[in-house]
Each structure stands twice: as C-alpha cells, then as structure tokens.
Amino acid sequence: MVSLQNKKINVPTSTVGRKRNFNEKNVLIKDKSFVKPNVHLFCGNSLELYKKWEKPTVIVSDGGYGILGFQGDTVNHLHLPEWYEQHIIQWSKFAQPNTSLWFWNSEIGWASVHPILEKYGWEYINCNIWNKGLGHIAGNINTTKIRRFPVVSELCVQYAYKFKINNQTLQEWLINEWKRTGLPFKRANDACGVKDVATRKYFDSGHLWYFPPTEMFEKLVGYANQYGKEEGKPYFSIDGHIPLSAQEWSNMRYKFHCLHGFTNVWERSALRGKERIKSPVDENKCAHLNQKPLDLMRLIIEASSDINDIIWEPFGGLFSASLAAVLINRKAYAAEIDPAYYSLGTSRFENLSLFN
Ligand SMILES: C[S@@+](CC[C@H](N)C(=O)[O-])C[C@H]1O[C@@H](n2cnc3c(N)ncnc32)[C@H](O)[C@@H]1O
Numbered sequence: 009m010v011s012l013q014n015k016k017i018n019v020p021t022s023t024v025g026r027k028r029n030f031n032e033k034n035v036l037i038k039d040k041s042f043v044k045p046n047v048h049l050f051c052g053n054s055l056e057l058y059k060k061w062e063k064p065t066v067i068v069s070d071g072g073y074g075i076l077g078f079q080g081d082t083v084n085h086l087h088l089p090e091w092y093e094q095h096i097i098q099w100s101k102f103a104q105p106n107t108s109l110w111f112w113n114s115e116i117g118w119a120s121v122h123p124i125l126e127k128y129g130w131e132y133i134n135c136n137i138w139n140k141g142l143g144h145i146a147g148n149i150n151t152t153k154i155r156r157f158p159v160v161s162e163l164c165v166q167y168a169y170k171f172k173i174n175n176q177t178l179q180e181w182l183i184n185e186w187k188r189t190g191l192p193f194k195r196a197n198d199a200c201g202v203k204d205v206a207t208r209k210y211f212d213s214g215h216l217w218y219f220p221p222t223e224m225f226e227k228l229v230g231y232a233n234q235y236g237k238e239e240g241k242p243y244f245s246i247d248g249h250i251p252l253s254a255q256e257w258s259n260m261r262y263k264f265h266c267l268h269g270f271t272n273v274w275e276r277s278a279l280r281g282k283e284r285i286k287s288p289v290d291e292n293k294c295a296h297l298n299q300k301p302l303d304l305m306r307l308i309i310e311a312s313s314d315i316n317d318i319i320w321e322p323f324g325g326l327f328s329a330s331l332a333a334v335l336i337n338r339k340a341y342a343a344e345i346d347p348a349y350y351s352l353g354t355s356r357f358e359n360l361s362l363f364n
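This note's numbering numbers the first residue of the sequence shown as 9 and each following residue consecutively.
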C-alpha cells in the first residue's frame, strides 16, 4: 500500500518491465562510466549524479510512462507525479536562466506530471505531438475490444525554467528596477527611441509583456543609470555593482532556434530498421521498448541549445539524446540505472569517429 495525495490505494508503484527479453547476463558488463571529451555516461541513479554534472542548458526527460515500459516504471499514470517529483526538484535546483526541458510522455502521463513541473518553476511553452502514423498499428488493433481510437502518438512537451532574481520573475524585476529609478514609465520610450512600444511591451505587468530585445535592454539600462535617482544606482544589476550586459540579458531566457518547416506535429514513423537496437539474445526483438529516434532528439536539442552547451539525459535507456547531442557538438551527461541497457547504450558511442 502506498499513499497518493493522502489516499490509500493498493497499486504497486513499480514492477518488472514489459517485453524485457535480456538482462545483465546477456551483455558484456562494462565500467560504470563512459567518459570522452563531450560525453559522460553513467550506470546509476541520476538522482545521485546530478550534483556532479555541469549545469544544463537542456534537459531531455524520457522517464516513466506508467505503462511498465521498463523495470521501475509504474503500472499507471497515478504514480507518475511521485515518480518524477524528486527529479524535478533537482532539475530546478541546477537549472540556469536559459534552461529548457523537453518532457517526453503519453498524454495522460504528461497531464499527471504537469502540475509538479509548474510547482517547481517550469513554465509550459508548447506541446509537440509525435505522430507515428497508421503504420504504427498496421491493422493489429481491435477497436471493438479496446473501445477507443488507436493511439499512434507520443508527446514531447517543451518547458522553460522560470528564473527569478531576488524572488521576482524577470517581468517583475524589470518593472521594479525602472520604478526604483524614480523616472516615469513613459521615459522608457525616450530611452528606446520609440513612440510607446517600451511602456506597452517591456513594462506591461500582464500577459502582453515582451522580453526586451538585447539592444532595447541596453538602451533602458544606459538611460536608467544616467537619469535615474543617484542613490539607487546601479540599476538593472544583479550583483549590486555592475548592470547586466546585453549578452547576460540574452542568456536570461531559454534558447530557441526554430528549424525551417517544423510545426508542433512531428510526422515520423516509429523507429525501425538499422537504428533500432536489437536484443542481444534475439535479433527479431528490439532491445528497449522506448528507444527514441535520433532525428527527433536532434531536432529538440538543436532548437534549444548552441554548440558546446550542456545536455542532460537523466533516463538514458540507450542514450539516444546523448548520441544526438554529441553528433551536433554538444556536451552530454546521462545516466541509466539498468546495467544491461547501460552496456548496450554505451556501445553506440564506442566506434564514433568523433572520439578516434
Ligand atoms: C523511457 S526509457 C528511455 C529511453 C531512451 N530515451 C532511448 O531512446 O533509449 C527510460 C529509462 O530510464 C531508466 N531509468 C529509470 N529511472 C532511472 C534513474 N533514476 N536513473 C537512471 N536511469 C533511470 C530506465 O531503466 C529506462 O531504461
């Protein structure tokens, strides 16, 4: 019996994964870590490793789905909030002002965990749908029996960390810094050389607020520190000594580079063929139920980071996010708790020409 939101329910939180067709005895067990210049893969519980990793620009979470997808996954979505909470606390602890989180899950899995993500400061940005298409079910579903439409999708939900300065959101901080100068808000328009855009957009206290572009931020900072009350200077400074630079300001929000031609629906068949890692004991079976396509991992990493940025993959499986990350010159940190998956996953990196 476990407690869930103060109710007693008699569902075990976890049990053995479905479709498991090999274990430690069937693979070559390797060292507990695989470290190369841009990749750090560990065999262990990510909860114990986060503190040792460089801070992330991107976190790719592909953990429990509530479908017994791997050993330790829960039997249904009801336990997912508990399953994720300790991880989410750590992600928030190590997040930077520009950190993005991509949360893979089923629809109901995401719906259950979303309140926990919000609780610890993750702001919902967008829900992306991976549509695997009709080929995914290929006539194998008896809808009279299941009494619903067949599911051919997964979600990958984008979040940004809501960074706070002295307990204020960026929006509040910007407004309060200007207030401290003693200057009326309309003077912000003079500062930016615009008619009314600055007061309307950058100092709006509601949902019409816009993050000022770096050149506008620079102008606001320059003006405030020239014409603001002497006793409150410097303005727009975090350390109380030097105002934020344009570069520092641009790093205060999540990165996003939209690749041409993509929407929030990703039409992509389920993973098959050479990329799908096969079981070491039966080459007709796949090794991991949840292996993700490298192209989708690459898409989200490329969209939310730059070269040399740090990518975390807390639930490694076969380390698809880490592999996509190193192939586009990012630095990956990942953990996989199951030694058999870990061993198979690390072998994807062994012959990369990048390391030779
Ligand atoms: C959904 S799978 C990830 C699949 C992966 N995205 C891929 O493409 O291969 C989740 C994996 O997380 C692992 N896992 C679960 N809890 C973990 C933890 N606390 N630390 C490290 N790995 C964990 C499971 O053993 C499982 O292999």
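The beta carbon of each residue, even a glycine, is placed where N, CA and C say it ideally should be.
In this text the structure is predicted, and so the values were computed from the model without any measurement.
Contact annotation, P322 with S69: C-beta distance approximately 6 Å; criterion of less than 8 Å satisfied. Between the alpha carbons of H249 and F211 lies a distance of about 23 Å. Minimum Cα-Cα distance from H296 among the listed residues Y350, S258, F264 and D314 corresponds to Y350.
By the neighbour-count criterion, in which a residue is buried when 16 or more other Cβ atoms sit within 10 angstroms of its Cβ, Y243 is buried. When the beta-carbon positions are compared, Y92 and I133 stay at least 8 Å from each other. With fewer than 16 other Cβ atoms from the protein chains shown falling within 10 Å of its own Cβ, V159 counts as exposed.
Annotated three-state conformation of T177 is strand, per DSSP. Across the set P347, P220, E56 and R356, the C-alpha of R356 shows the shortest separation from the C-alpha of A333.
Contact check for F102 against L125 fails: the beta carbons are separated by 8 Å or more. Of the residues A232, V289, L307 and I319, the one whose Cα lies closest to the Cα of G269 is L307. Pairing K237 with T189, the inter-Cα distance amounts to about 5 Å. When distances are taken from the beta-carbon of I345 to the heavy atoms of ligand 1, the shortest one is below 7 Å. By the C-beta criterion, the region 194-201 is judged not to be in contact with the region 164-183, since fewer than 3 inter-stretch pairs fall below 8 Å. Taking C-alpha positions only, P220 is separated from K153 by approximately 54 Å.
Between the C-alpha atoms of K60 and F157 there is a straight-line separation of about 44 Å. Under DSSP, N139 forms a beta bridge with S161 and E275. Using a Cβ distance threshold of 8 Å, Y73 and W130 do not count as a contacting pair. The continuous beta strand (DSSP E) containing W110 extends over residues S108 to N113. Taking C-beta separations shorter than 8 Å and ignoring five residues to either side along the sequence, the partners of H95 in its chain run S54, L55, S69, G71 and P322, following chain order. Taking 4 residues as the shortest admissible run, the region 215-257 contains the following complete alpha helix (DSSP H) segments, listed from N- to C-terminal end: 222-235. If you draw a straight line from the Cα of K44 to the Cα of W274, it comes to about 32 Å. Burial of V47 is indicated by the presence of at least 16 other C-beta atoms within 10 angstroms of its C-beta.
Taking 7 Å as the cut-off, one finds no heavy atom of ligand 1 near enough to the beta carbon of L352. K227 sits buried, since 16 or more C-beta atoms from the chains shown fall within 10 Å of its C-beta. Contact between W118 and V165 holds, with the beta-carbon distance rounding to 6 Å and staying under 8 Å. Judged by their CB atoms, F225 and W257 are nearer to each other than the 8 Å cut-off. Residue environment for S330: buried (at least 16 other C-beta atoms within 10 angstroms of its C-beta). The alpha-carbon separation between F264 and D247 amounts to approximately 27 Å. The continuous beta strand (DSSP E) containing W320 extends over residues I318 to E321.
It is roughly 11 Å from the alpha-carbon of K339 to the alpha-carbon of S313.
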